[in-house]
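Below is one structure, written out as structure tokens; the observations come after it.
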Amino acid sequence: MNFGEWVKYFFLVIFRPKSLVRMEWQMLIYLNRDRKEFNLPSLKMQYDLRSVARNHSRDMAKQDYFDHENLVGQTPSDRLQFARVTDSTSGENLARIGGYEKPVWEAENGLMHSPGHRANILNKEYNCVGIGIIKSKEGVLYFTQNFAKRFLKLSPLPAKKVSLKRGLRVKGKVFEKASNVYFQVRMPGIAGIVEDGFEAITEDGFFDFVVKFDETGTYEISLFVVDAKTKSKDLANTFEVVVKSWWFWF
């Protein structure tokens, strides 16, 4: 947690001690304490992951089930992809707690004593998490932790549909030290790369570029971060975009 997040957390502790938002930040503190015991770096809370986590906790609480796969058959990966959160490595932990005085501690302690969940918490590859806690009408708390290995953060998320004239704007910031962002453009089901190229990253880690298209259709965009030292390319995100002619845009 950075300074601003600590300020918000202490504000919640004083003025909204029983709020679910305060409990989410409290779980992040417990989670990072567990990682620190094993000399692992702290995880950063990410709002797009948090939104996905909250939505799954809310769905479980409302429809009274407890599973990684929801009632329409969506897996954790499906939910992330639907939200256009496409980090190449991800994982999910779930907990359900009711009737405890310290539910957040109980939930995190239970996860740490479950081999599969513990493996997610102590996974050295992860650097980000989103935590969502929702209370059911019966008073049961549902916890979802969505983990990710994040090389870069797209902000805003890429558009689902763009015009042929304007192309696709890709904007964000890298998490690791990198020299370039490398992108590939493919058409699903068709072999070969339609377009590729390198885009510069500023000293502050930001990038901002536009991908142009020669024709309409559905394209798959893959983003790679180029390591500043080794020059290796790490896959960061893959997503689809529909390109339309301007007269079909509205």
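Heads up, the final residue of the sequence shown is numbered 245 in the numbering used here, and it's a clean run with no missing numbers. The C-beta atom is built at its ideal place from N, Cα and C for all residues, glycine as well. All values derive from a computational prediction rather than experimental measurement.
Going by DSSP, residue 41 is part of no alpha helix (DSSP H) at all; its letter is neither H nor E. For the pair residue 207 and residue 167, the CB atoms are not nearer than the 8 Å cut-off. Linking residue 61 to residue 169 through their CA atoms gives a straight-line distance of about 35 Å. Counting of Cβ neighbours within 10 angstroms places residue 67 among the exposed residues, the total staying below 16. Sequence-distant partners of residue 215 (beyond 5 residues in either direction) whose C-beta falls short of 6 Å from its own C-beta, in its chain, are 181, 183 and 235. The C-alpha of residue 174 lies about 14 Å from the C-alpha of residue 218. The C-alpha of residue 148 is placed about 10 Å away from the C-alpha of residue 201. Close CB contacts of residue 78 within its chain, under the 6 Å cut and outside five residues either way in sequence, are with 47 (chain order). Annotated three-state conformation of residue 117 is coil, per DSSP.
Below 8 Å, too few C-beta pairs join the stretch 93 to 106 and the stretch 145 to 159 to call them touching: fewer than three. When the Cα atoms are used, residue 190 and residue 101 turn out to be separated by approximately 50 Å.
Proximity of the stretch 115 to 125 to the stretch 16 to 30 meets the contact definition, three or more beta-carbon pairs being nearer than 8 Å. Taking 8 Å as the cut-off, the Cβ atoms of residue 145 and residue 82 count as close. If you compare the alpha carbons of 30, 42 and 21 with that of residue 151, the shortest gap goes to 42.
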